[in-house]
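Participant: One structure, as structure tokens, below. Some questions next.
Number of protein chains: 2
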Amino acid sequence: MAERGRPRGFDRDLALRQAMLTFWEHGYESTSMADLTAAMGIASASIYACFGSKEHLFREAVELYGATQGAEPLRCLEASATAREGIARALRVNADRFADPATPPGCMVVLSALTGTTANAGLRDFLAERRALVPWSFRRRLERGIEEGDVTPGTDIDAVAAFYATVLQGMAVQSRDGAGRTRLETIIDCALAAWTTLTSPRTASSATAPQE
Amino acid sequence: MAERGRPRGFDRDLALRQAMLTFWEHGYESTSMADLTAAMGIASASIYACFGSKEHLFREAVELYGATQGAEPLRCLEASATAREGIARALRVNADRFADPATPPGCMVVLSALTGTTANAGLRDFLAERRALVPWSFRRRLERGIEEGDVTPGTDIDAVAAFYATVLQGMAVQSRDGAGRTRLETIIDCALAAWTTLTSPRTASSATAPQE
DNA sequence: CCATTTCTTTGTCGATCAGCAAAGAAATAG
DNA sequence: CTATTTCTTTGCTGATCGACAAAGAAATGG
């Protein structure tokens, strides 16, 4: 059996990983085909033959990012005994990844296409959908926490999920601005300081809004 | 006296404002000179004669953004009676601006150049410095709060300032993902729910870290 | 061996990029 | 009026953009 024709002269997975790192570092639109050929070590024609287009390559790179960087935080979220510990661990694992000197700082899904030309609006929507998975998974974990008794019923879980997702996105920006692991950990500690209040019977808005 | 030579045929302030809106919407690198000539209503040669270069124009646009969008939050921060109210109001005013349908969503300083080519690293540093002013002003307000007695002495004001700045940056991303004013308000409420704990005698890290 | 298939190399495509030179237009100074 | 100054319009520059066509190279099938 085997493969017909001339075999591929490069490692597809490795080349994709190099492309991911380049997109992660410079963003989608600011990464040129010349950048990619240099990073991947192959000619542009090989990229088109193997990945279809720059946009196709980017989408595959995002999926690789999700599979490699996103899996562990999600696992922690689900495996932890309580919703609080799950979200806390997910944030801390992400902090480790964001500040890992072996990879570009921050989160690729957050940083690589927040702005751009109207021609690439579809790509930005694609990334926005990926970003929406975070508060969605947080929310689901909180629901489970209510069922299992570690989260107070009546908690505004939509608000809590959106809040911690927002902190995570802010951490991605902080990483780009030079924040290291310990700095991000401190920020997470601050965010977790809200937990008890947020999961008390009264909702977050009714508890704080009247004061100002 | 008056001016010598042919007078300028366009309103410089208005043209700059149009440029600001375009950069704000699409980011620095993704805004082409063609986009700018269309938005500003003048030819590229006029832009170069009046603003020097695309980068110069962008820097001026950022300063206009700071003067128009950044002044009010800063004023609220300083004018409020307590540090808590000051930071809360600064966040809420920013939420209003981020979600204002009359301007692009989110914060120009956060969104317009988080990634890019190595050639524009200087511009990104410029924006990073502007971003650093936010936690810096929060920190100064917290210091004043300690002096005036509305913030508990011993509070880790660096951590608290970094935390609320991070939430603000996350809100900028949330705006891009479609979050409206009320959604942002809810997130602010959640962030403020941490205040009492964060300004209690024990530091944030010592209060929460041992639990996980 | 030869035919077929698949990948790589080389070269190049038209479009667009930021930027500017030169000429024309509109004001003031004398 | 003419001379000078300044801005606008027009048209262009070399570089770079993403993308691909054509030819050469390396494998399998028969």
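Note that the protein sequences, when read in sequence, are chains A and B. Per my numbering, numbering through the first sequence is continuous, rising by one, with the last residue being 212. Per my numbering, numbering through the second sequence is continuous, rising by one, with the last residue being 424. Note that the Cβ used here is the ideal one computed from N, Cα and C, for glycine as well.
1. Does DSSP classify residue 35 of chain A as helix, strand or coil?
2. If you draw a straight line from the C-alpha of residue 232 of chain B to the C-alpha of residue 142 of chain A, how long is it?
3. Report the neighbours of residue 187 of chain A on chain B: residues whose CB is nearer than 7 angstroms to its CB, in chain order.
4. Return helix, strand or coil for residue 355 of chain B, following the three-state DSSP convention.
5. Could you tell me the boundaries of the alpha helix (DSSP H) in which residue 97 of chain A lies?
6. So does the segment 112-122 of chain A actually touch the segment 25-44 of chain A, counting three or more Cβ pairs closer than 8 angstroms?
7. Could you have a look at residue 23 of chain A and say whether DSSP puts it in helix, strand or coil?
8. Which one of A:41, A:166, A:82 has the shortest CA to CA distance from residue 401 of chain B?
9. Against chain A, with Cβ distances strictly below 8 angstroms, would residue 405 of chain B count as a contact?
10. Using a Cβ cut-off of 9 angstroms, pull out every chain A residue sitting near residue 383 of chain B, in sequence order please.
11. Looking at chain A, is there any beta carbon in it that lies within less than 8 angstroms of the beta carbon of residue 267 of chain B?
12. Would you say residue 207 of chain A faces chain B, with C-beta separation under 8 angstroms as the test?
13. Nearest-angstrom Cα distance between residue 158 of chain A and residue 144 of chain A?
14. How long is the line joining the alpha carbons of residue 127 of chain A and residue 56 of chain A, rounded to whole angstroms?
15. Could you tell me whether the Cβ atoms of residue 61 of chain A and residue 42 of chain A are closer together than 8 angstroms?
16. For residue 160 of chain A versus residue 198 of chain A, is the C-beta spacing smaller than 8 angstroms?
17. Flag residue 38 of chain A as yes if its beta-carbon sits less than 8 angstroms from any beta-carbon of chain B, otherwise no.
18. Leaving out the 5 sequence neighbours to the left and right, which residues in its chain are closer than 7 angstroms to residue 27 of chain A when beta-carbon positions are compared?
19. Out of B:301, B:399, B:276, state which residue places its alpha-carbon closest to the alpha-carbon of residue 285 of chain B.
20. Should residue 349 of chain B be labelled buried (16 or more other beta-carbon atoms within 10 Å of its own) or exposed?
21. Take the Cβ of residue 418 of chain B as the centre, count every other Cβ of all protein chains shown within 10 Å, and call the residue buried at 16 or more, exposed below.
22. Taking C-beta pairs closer than 8 angstroms, name the residues in chain B that residue 197 of chain A reaches, listed in chain order.
23. Which residues in the same chain as residue 152 of chain A place their Cβ atom closer than 8 angstroms to its Cβ, once the five residues preceding and following it in sequence are excluded?
24. Give the interface partners of residue 229 of chain B over in chain A, defined as CB-CB distance under 7 angstroms, in chain order.
25. Residues of chain A with CB under 7 angstroms from residue 402 of chain B, in chain order?
26. Please return the same chain residues whose Cβ sits closer than 8 angstroms to the Cβ of residue 289 of chain B, not counting the five positions on each side in sequence.
27. Using a Cβ cut-off of 8 angstroms (strictly closer), state whether residue 389 of chain B contacts chain A.
28. Pop quiz: residue 83 of chain A and residue 150 of chain A are said to be a contact at Cβ under 8 angstroms. What is the actual Cβ separation, rounded to whole angstroms?
29. Using a Cβ cut-off of 8 angstroms, which residues of the segment 339-358 of chain B contact any Cβ in chain A, in chain order?
30. Let me check understanding here. Comparing Cα to Cα, which of B:257, B:252, B:392 lies closest to residue 225 of chain B?
31. With DSSP run on the structure shown, which of helix, strand or coil describes residue 12 of chain A?
32. When you compare the CB of residue 239 of chain B with every CB in chain A, is at least one pair closer than 8 angstroms?
33. What are the start and end residues of the alpha helix (DSSP H) that includes residue 393 of chain B?
34. With a CB to CB cut of under 7 angstroms and the five nearest residues on each side skipped, what residues in its chain are close to residue 54 of chain A?
35. Whose C-beta lies closer than 6 angstroms to the C-beta of residue 309 of chain B among residues of the same chain, with five residues either side of it excluded?
36. Rank A:175, A:182, A:45 by C-alpha distance to the C-alpha of residue 24 of chain A and give the top, closest one.
Facilitator: If we stick to the structure as given:
1. Here residue 35 of chain A sits in helix by DSSP.
2. Whole-angstrom Cα-Cα distance: 41 angstroms.
3. Within 7 angstroms Cβ-Cβ: 374, 375, 378.
4. Reduced to three states, the DSSP call for residue 355 of chain B is helix.
5. If you look at residue 97 of chain A, you'll find it in the alpha helix (DSSP H) that goes 83-98.
6. Yes, the segment 112-122 of chain A touches the segment 25-44 of chain A.
7. In this structure, residue 23 of chain A counts as helix in the three-state DSSP scheme.
8. Measuring C-alpha to C-alpha distances from residue 401 of chain B to each of A:41, A:166, A:82 identifies A:166 as the nearest.
9. Closer than 8 angstroms: yes.
10. The answer, in chain order, is 166, 169, 170.
11. No, residue 267 of chain B does not count as interfacial toward chain A.
12. Reliability of the predicted coordinates at residue 207 of chain A is poor, the pLDDT of 45 falling under 50, and no value is obtained from them.
13. Our two residues, residue 158 of chain A and residue 144 of chain A, have alpha carbons roughly 13 angstroms apart in a direct line.
14. Cα-Cα distance, rounded: 13 angstroms.
15. Contact flag unset, no.
16. Inclusion of residue 160 of chain A and residue 198 of chain A in the CB contact set at 8 angstroms is warranted, their separation being smaller than that value.
17. For residue 38 of chain A, not one C-beta of chain B is nearer than 8 angstroms to its own C-beta.
18. So the qualifying residues of the chain are 111, 112, 113.
19. For the residues B:301, B:399, B:276, the minimum Cα distance to residue 285 of chain B belongs to B:301.
20. Taking a 10 Å sphere around the C-beta of residue 349 of chain B, we find 16 or more other C-beta atoms and assign the residue as buried.
21. Its pLDDT being 47, under 50, residue 418 of chain B is placed unreliably in this model, and the value from its coordinates should be taken loosely. Answer is exposed; the Cβ neighbour count stays below 16.
22. Per Cβ cutoff of 8 angstroms: 405, 406, 408, 409.
23. Same-chain partners within the cutoff: 146, 199, 200, 201.
24. Within 7 angstroms Cβ-Cβ: nothing; residue 229 of chain B doesn't reach chain A, min ~18 angstroms.
25. Residues of chain A passing the Cβ test: 159, 160, 163, 194, 198, 204.
26. Within the same chain, residue 289 of chain B has close Cβ partners 298, 299, 301, 302, 349, 350, 353.
27. Taking Cβ atoms only, chain A reaches closer than 8 angstroms to residue 389 of chain B, which makes this a yes.
28. The Cβ separation is near 6 angstroms, so the contact holds.
29. Those would be 340, 343, 344, in chain order.
30. Nearest C-alpha to residue 225 of chain B: B:252.
31. The three-state secondary structure of residue 12 of chain A, taken from DSSP, is helix.
32. For residue 239 of chain B, at least one C-beta of chain A is nearer than 8 angstroms to its own C-beta.
33. In the DSSP assignment, residue 393 of chain B falls within the alpha helix (DSSP H) that extends over 393-404.
34. So the qualifying residues of the chain are 33.
35. Excluding residues within five positions, the ones whose Cβ falls inside 6 angstroms are 281.
36. Closest option to residue 24 of chain A, Cα to Cα, is A:175.
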